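Reviewing the structure listed below.
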Amino acid sequence: MLAIHTRNLTRLFRGEHGIRDLDLAVPKGAIYGFLGPNGAGKTTTIRLLLGLLVPDAGYVELFGRKLERHDPATRAGIGAMVEAPSLYPHLSGRDNVEVTRRLLGLPRTRTDAVLEIVGLRDDARRRVRGYSLGMRQRLGIALALLGEPRLLILDEPTNGLDPAGIAEIRHFIEHMTHELGLTVFLSSHLLGEVEQLATHVGVVQHGRLLFQGALDALRARADACLEIVCTDSAAACNDLLAIGETPQPVDAHTVRVTDPRHTDAAINRLLVERGHGVSRLARQQPSLEALFLQLTTTQEMAA
Numbered sequence: 185m186l187a188i189h190t191r192n193l194t195r196l197f198r199g200e201h202g203i204r205d206l207d208l209a210v211p212k213g214a215i216y217g218f219l220g221p222n223g224a225g226k227t228t229t230i231r232l233l234l235g236l237l238v239p240d241a242g243y244v245e246l247f248g249r250k251l252e253r254h255d256p257a258t259r260a261g262i263g264a265m266v267e268a269p270s271l272y273p274h275l276s277g278r279d280n281v282e283v284t285r286r287l288l289g290l291p292r293t294r295t296d297a298v299l300e301i302v303g304l305r306d307d308a309r310r311r312v313r314g315y316s317l318g319m320r321q322r323l324g325i326a327l328a329l330l331g332e333p334r335l336l337i338l339d340e341p342t343n344g345l346d347p348a349g350i351a352e353i354r355h356f357i358e359h360m361t362h363e364l365g366l367t368v369f370l371s372s373h374l375l376g377e378v379e380q381l382a383t384h385v386g387v388v389q390h391g392r393l394l395f396q397g398a399l400d401a402l403r404a405r406a407d408a409c410l411e412i413v414c415t416d417s418a419a420a421c422n423d424l425l426a427i428g429e430t431p432q433p434v435d436a437h438t439v440r441v442t443d444p445r446h447t448d449a450a451i452n453r454l455l456v457e458r459g460h461g462v463s464r465l466a467r468q469q470p471s472l473e474a475l476f477l478q479l480t481t482t483q484e485m486a487a
């Protein structure tokens, strides 16, 4: 089953900004990284998924049920933290959760439950004005979890955090998917963090979806890369060019071969026979950042 399914989802603003014909398919239980440059349409998409905007065309389905803006039942089971959480700094963390719990008419047990999930139970009686930014973000996630959602939508949840805070948020997202069975739809510009978390990604640019699928499927689209560490990269490049390879020197001792035509063993044998000392020869897995740049740059050149 798909947690999120959109069909021809379109919302345009003055100047033709927005999204066009967006077909999202987010599997249940996935951590879906929604990626794109600034202005690509990520925030517009999230607002459409939450019913905060009305589409010009197309529709949204959440767990197989069509989203209707004026029917709260269609948004049941959805939790969200969009941008910075709205908190009362003069109240304690616990009181912040209690205010929202009472407004939603939820059981008292939910307050302690969500504070426990995000690791704030010991700090629950402290005033929020004394919380770090990371603690505030976790409290925002706690508010989003009050209704026991099946789908959690997070817009830039690690924005502005230091490395320790980012690691904390990453830990809680992993915990929520593995232990609570949540589906997480995550928008972020920190590609390194998304790479450590996401099972699936969607890449959007100029309001159109460029790629969607498992992270491994995106990696499979990239050219293979072989990195060689040897005694003389310039001389090694000359020998590799002679057999039809496309080497590039990285530094005095490192060569990178894109999409090798020969096997790793054949390349190693050639270099050794030509008198090169090879200390390392390994296939390089392209980073999500490299894949993202390759995908979006190619699209820009084609436009």
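The sequence shown maps to residues 185 to 487 in my numbering.
No residue lacks a Cβ here, since even glycine has one placed at the ideal position from N, Cα and C.
Here the structure is a predicted model, which means the values were calculated and not measured.
Item: Per the DSSP calculation, Y216 is bridged to which residue(s)?; Value: F369, H384
Item: Does V476 come out as helix, strand or coil in the three-state DSSP assignment?; Value: It should be noted that the sequence gives Phe, not Val, for residue 476. Three-state DSSP puts F476 in a helix.
Item: Might you give, ordered along the chain, the residues of its own chain that have their beta carbon closer than 6 Å to the beta carbon of T258, omitting 5 neighbours on each side?; Value: R249, L251, E252
Item: How do the region 202 to 215 and the region 390 to 397 stand: do at least 3 beta-carbon pairs fall below 8 Å, yes or no?; Value: yes
Item: Excluding the five sequence neighbours on either side, which residues of its own chain have a C-beta within less than 7 Å of the C-beta of G235, listed in chain order?; Value: L251, R253, R259
Item: Check the C-beta distance from V281 over to A326 and give it rounded, since I have them as a contact under 8 Å.; Value: 6 Å
Item: Go through its chain and collect everything with a Cβ distance to L402's Cβ below 7 Å, but skip five positions before and after it.; Value: V385, F395, L475
Item: Less than 8 Å between the CB atoms is what I'm expecting for G217 and L381, so what's the real figure, rounded?; Value: 7 Å
Item: Taking only the alpha-carbon atoms, compute the straight-line gap between T228 and G261 and give it to the nearest angstrom.; Value: 21 Å
Item: Do T342 and I353 have their beta-carbon atoms positioned less than 8 Å apart in this structure?; Value: yes
Item: I'd like the span of the alpha helix (DSSP H) that includes P347, first residue to last.; Value: 347 to 364
Item: Please report the distance separating the alpha-carbon of T194 from that of A420.; Value: 52 Å
Item: By Cβ distance below 7 Å, which residues in the same chain neighbour A241 in space, the five residues on each side in sequence not counted?; Value: N192, T194
Item: For Y272, count neighbouring Cβ atoms within 10 angstroms of its own Cβ and tell me buried if that reaches 16, exposed if not.; Value: exposed
Item: What residues match up with Q389 in a beta bridge as DSSP calls it?; Value: R392
Item: Do P470 and C414 count as a contact pair if the criterion is CB distance below 8 Å?; Value: no
Item: What number of angstroms, rounded off, separates the C-alpha of L490 from the C-alpha of M265?; Value: This structure gives no information on residue 490, because the portion of the chain shown stretches from 185 to 487.
Item: Would you mind working out which of N422, P221, A450 sits nearest G477, comparing C-alpha positions?; Value: Sequence check: residue 477 is Leu here, not Gly. Closest option to L477, Cα to Cα, is P221.
Item: Is the separation between the beta-carbon of E377 and that of E267 shorter than 8 Å?; Value: no
Item: Report the option in P211, V238, S270 whose CA atom is closest to the CA atom of F247.; Value: P211
Item: Considering only C-alpha positions, which residue in the set G428, I357, D423, G397 is nearest to L186?; Value: G397
Item: Can you round the beta-carbon distance between L330 and L288 to whole angstroms, since I take them to be within the 8 Å contact cut?; Value: 6 Å
Item: Can you name the start and end residues of the beta strand (DSSP E) that R164 belongs to?; Value: An answer regarding residue 164 cannot be provided, because it is not within the stretch 185 to 487 covered by the chain.
Item: Sort out for me which residues DSSP pairs H189 with in a bridge.; Value: A209, E245
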